[in-house]
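The listed protein sequences correspond, in order, to chains A and B.
Here our numbering is used: the first residue of the first sequence is 192, the next is one more, and so on.
Here our numbering is used: the first residue of the second sequence is 6, the next is one more, and so on.
Cβ atoms here follow ideal geometry from the backbone N, Cα and C, with glycine treated the same way.
The model shown is predicted, which means the values in this text are computed figures rather than measured ones.
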Amino acid sequence: MSTAMKQVFSHPTSLKDVQTHFCPGCQHGTIHRLVADAMDAFGVQDRTIGVASVGCSVFLYGYFDIDVVEAPHGRAPAVATGVKRVHSDKIVFTYQGDGDLAAIGTSEIIHAANRGEGMTVIFVNNTTYGMTGGQMAPTTLPTQKTSTSPYGRNVSTDGYPIRMAELLSNLEGVAYSARVAVNSPKNILQAARVVKKAFEVQVKGQGFSFVEVLSACPTNWGMDPLKANARVESEMIPYFPLAIFKDSTVA
Amino acid sequence: MQKRLLVKGNEAVAMGAIEAGCRYYFGYPITPQSDIPEYIAREFPNVGGVFIQAESEIASINMLLGASACGARAMTSSSSPGISLKQEGISYMAGSELPGLIVNISRSGPGLGGIDASQSDYFQAVKGGGHGGYHTIVLAPNSVQEMYDLTMLAFDLSERYRVPAMLLGDSVIGQMKEALVPHPYVAPDDLPAKDWAVSGKDGRPQRVVKSLFLGDGELEAHNWKLHRKYQQLKDKEVRFETNGLDDAKLVVTAFGSTSRIVMTAIRMAREEGLKVGLLRPISLFPFPEKAFAETTSRIKRVLCIELNAGQMVEDVRLSVARDADVFFYGRPPGAGSLPTPEELLAQIHMHYKD
């Protein structure tokens with residue numbers, strides 16, 4: 192019997208075959224894979240420059256087999272601006288956490304987006320500062336307990352979680368802004384499509400693209416991976432809705 | 006006859022940078038340096054350069070970091086409060102071994118201070134400025150011509166050693182106009198290939214520009230590497246000017262715009278028959294330590310004059326022969342604190358001994 196075998200799943204070539212330092216149940220690994228798959232899909236590994244930020248994702252260069260520049264905390268969109276302006280024909284992306292992008296780096300992300308820099312930004316929102324041990328983030332949900340909001344986030348004194356994908360979608364310079372999650376097979380498949388689309392926007396020179404990815408941090412949430420995954424669905428998605436907020440590539 | 010132009014010091018920086026092939030500028034407006042971005046914004050379209058007025062000083066230094074990581078010749082400029090904001094990025098550039106030019110047309114402080122000429126950023130410039138125990142190359146021009154020449158030199162030194170370079174001027178040197186003889190930039194033939202720059206790996210091994218080193222012993226080794234380069238700079242790249250030291254009984258030292266007033270005071274002293282000489286550091290890092298040591302092995306009296314309450318004088322004291330006397334005269338910067346030549350001549354009289 193002859194059966195034509197077709198390979199439908201393999202390790203992305205843009206991703207090194209190494210163990211990661213991520214905690215059990217952390218979804219950075221899944222998100223790394225989606226980004227690598229997008230690079231592979233467009234065959235741009237050899238002409239992509241990643242910009243790593245400060246936080247759990249700083250070791251980007253240990254996992255992606257691409258050229259990487261490490262940026263100071265929050266400054267990745269400014270560093271990526273310098274990179275993209277020199278290499279306007281290359282693919283440039285940043286990969287940033289919520290403290291990095293939505294607190295200390297708010298100015299840099301808003302202005303890089305507003306200039307319409309031809310870069311892709313992958314924003315991982317897990318409602319906490321992971322690397323430093325689970326402090327309150329700009330995306331920490333109301334009443335959520337963290338090491339610096341031990342009685343729960345009090346919106347009257349701490350303010351409200353910032354919805355970055357919606358906020359950026361209001362800027363003229365942004366071509367594409369969306370939010371996805373990776374807590375279920377269905378959501379992962381949608382996240383893969385959106386991340387790929389964000390890279391496509393850059394490959395086609397259509398402008399600034401932004402993908403917010405909701406992600407679990409079981410270690411700092413004090414949950415096992417399954418409960419953390421369930422929290423993404425029950426608590427995060429209601430506050431941070433999954434949607435494509437702007438796509439200026441469609442008429 | 007060579008072409009002579011009457012230009013501002015700040016314009017000379019921009020002209021020197023463009024002549025030296027700098028095609029990436031990132032900055033933010035601040036007095037008294039805004040002539041630099043204004044000139045570059047006007048001229049870059051003619052040479053295919055990229056000018057970005059960034060949202061902040063912090064963003065502009067990080068855009069410089071990114072462009073430099075690609076191997077591009079790139080710069081930013083600012084003035085004291087803005088340079089404070091850039092220190093984070095300068096530290097990361099130093100740690101990542103990235104070249105790049107940072108121009109500080111300094112003004113008075115602390116805080117918002119004022120827009121008058123100041124040399125109060127000496128410590129910040131030569132001692133690292135940001136966190137982590139690094140140095141930048143620091144060059145201090147004292148004329149419009151040197152603003153042009155040293156801008157070119159700063160790019161070359163920065164790229165040769167992969168150490169960020171600072172051109173340290175002030176509002177006098179930036180705003181005054183005098184004759185400039187422009188000349189073509191000639192690239193040194195010993196500039197190393199930028200085989201570290203990111204460009205997309207395209208068949209070669211991955212390149213990473215970073216300053217994080219967590220492995221056992223990695224960061225110490227990295228820091229020793231940086232400090233070996235600082236030692237090389239001290240061995241090979243010291244620049245200074247001397248005048249009238251052969252018969253001098255008193256050495257006067259000053260850098261930047263203050264040295265121009267000092268030169269007038271020395272001329273007045275010479276006209277009175279006083280044997281006074283000048284030792285002017287041009288490179289503030291690397292500091293001319295040996296020049297001070299050798300000069301003070303013969304001449305035992307040094308007068309250091311600064312437009313601050315005493316900063317470079319500390320490096321002078323560390324460098325002179327042990328039996329030399331070092332005197333200091335300075336005024337903290339602010340409107341009206343620029344000393345007159347007569348005021349400095351009085352200081353020369355006070356410390357001169359035949």
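Item: Extent of the continuous beta strand (DSSP E) to which Glu-311 of chain B belongs; Value: 306-311
Item: With 16 other Cβ atoms within 10 Å as the buried cut-off, status of Lys-358 of chain B; Value: exposed
Item: DSSP three-state assignment for Thr-319 of chain A, whether helix, strand or coil; Value: strand
Item: Sequence-distant residues of the same chain with beta carbon closer than 8 Å to Val-371 of chain A, five excluded per side; Value: Asn-378, Gln-381, Ala-382, Val-385, Val-386, Val-402, Glu-403, Val-404, Leu-405 and Leu-433
Item: Euclidean distance between Cα positions of Ala-202 of chain B and Gly-116 of chain B; Value: 37 Å
Item: Simplified DSSP assignment, three categories, for Asn-147 of chain B; Value: coil
Item: Cutoff 6 Å; reference Ala-19 of chain B; Cβ partners in own chain excluding five residues on either side; Value: Ile-41, Tyr-44 and Ile-45
Item: DSSP three-state assignment for Ile-110 of chain B, whether helix, strand or coil; Value: strand
Item: CB contact flag (Val-249 of chain A, Leu-224 of chain B, <8 Å); Value: no
Item: Contacting residues, own chain, Cβ-Cβ under 8 Å from Lys-207 of chain A (five flanking each side not counted); Value: Gly-253, Tyr-254, Phe-255 and Asp-256
Item: Interface residues of chain A facing Glu-62 of chain B [CB-CB closer than 7 Å]; Value: Ordered by position in chain A, no residue passes the 7 Å Cβ test against Glu-62 of chain B, which lies about 11 Å from the chain.
Item: Residues near Pro-37 of chain B by beta carbon distance below 7 Å, same chain, minus five either side; Value: Ser-84, Ile-110, Arg-112, Ile-120, Ser-176, Gly-179 and Gln-180
Item: Cα-Cα separation between Ser-65 of chain B and Ile-304 of chain B, rounded to whole angstroms; Value: 46 Å
Item: Strand pairing of Ile-142 of chain B, partner residues [DSSP]; Value: B:Ala-170
Item: Own chain residues within Cβ distance below 7 Å of Leu-158 of chain B, not counting five before or after; Value: Leu-144
Item: As assigned by DSSP and simplified to three states, the class of Ser-288 of chain B; Value: strand
Item: Among B:Tyr-334, B:Arg-244, B:Leu-90 and B:Leu-219, the one whose alpha carbon lies nearest that of Ile-266 of chain B; Value: B:Tyr-334
Item: Endpoints, beta strand (DSSP E) assigned at Ala-434 of chain A; Value: 434-438
Item: Touch test, the segment 220-238 of chain B against the segment 248-268 of chain B, Cβ-Cβ under 8 Å, three pairs minimum; Value: no
Item: Three-state secondary structure (DSSP) of Phe-49 of chain B; Value: helix
Item: The alpha helix (DSSP H) enclosing Leu-323 of chain B, as first and last residue numbers; Value: 317-324
Item: CA-to-CA distance, Cys-75 of chain B to Ser-368 of chain A, given in whole angstroms; Value: 27 Å
Item: Reduced DSSP secondary structure (H/G/I, E/B, other) of Phe-297 of chain B; Value: helix
Item: Min CB distance Gly-321 of chain A to chain D below 8 Å; Value: The chain inventory of the structure shown lacks chain D, comprising the protein chains A and B.
Item: Environment of Glu-277 of chain B [buried if 16+ CB atoms lie within 10 Å]; Value: exposed
Item: Residue range of the beta strand (DSSP E) that includes Tyr-286 of chain A; Value: 282-288
Item: Short CB-CB distance (under 8 Å) between Cys-27 of chain B and chain A; Value: no
Item: Secondary structure of Glu-261 of chain A, DSSP reduced to three states; Value: strand
Item: Endpoints, the alpha helix (DSSP H) within which Phe-390 of chain A is located; Value: 376-394
Item: Residues from the segment 209-220 of chain B in contact with chain A, defined by Cβ distance under 7 Å; Value: Gln-211, Arg-212, Val-213, Val-214, Lys-215, Ser-216 and Leu-217
Item: Where Thr-334 of chain A falls, given that 16 or more other Cβ within 10 Å makes a residue buried; Value: exposed
Item: Met-310 of chain A in three-state terms, based on DSSP; Value: coil
Item: Nearest residue (CA-CA) to Gly-261 of chain B, options B:Ser-125, B:Arg-47 and B:Ser-96; Value: B:Ser-125
Item: Contacts that Gly-309 of chain A makes with chain B (C-beta to C-beta distance below 7 Å); Value: Within chain B, no residue comes near Gly-309 of chain A; the closest Cβ sits about 13 Å away, beyond 7 Å.
Item: Contact set for Met-427 of chain A: own chain, Cβ-Cβ below 6 Å, skip 5 residues either direction; Value: Leu-405
Item: Cβ shell of Val-362 of chain B (< 8 Å), same chain only, five flanking positions each side left out; Value: This structure gives no information on residue 362 of chain B, because the portion of chain B shown stretches from 6 to 359.
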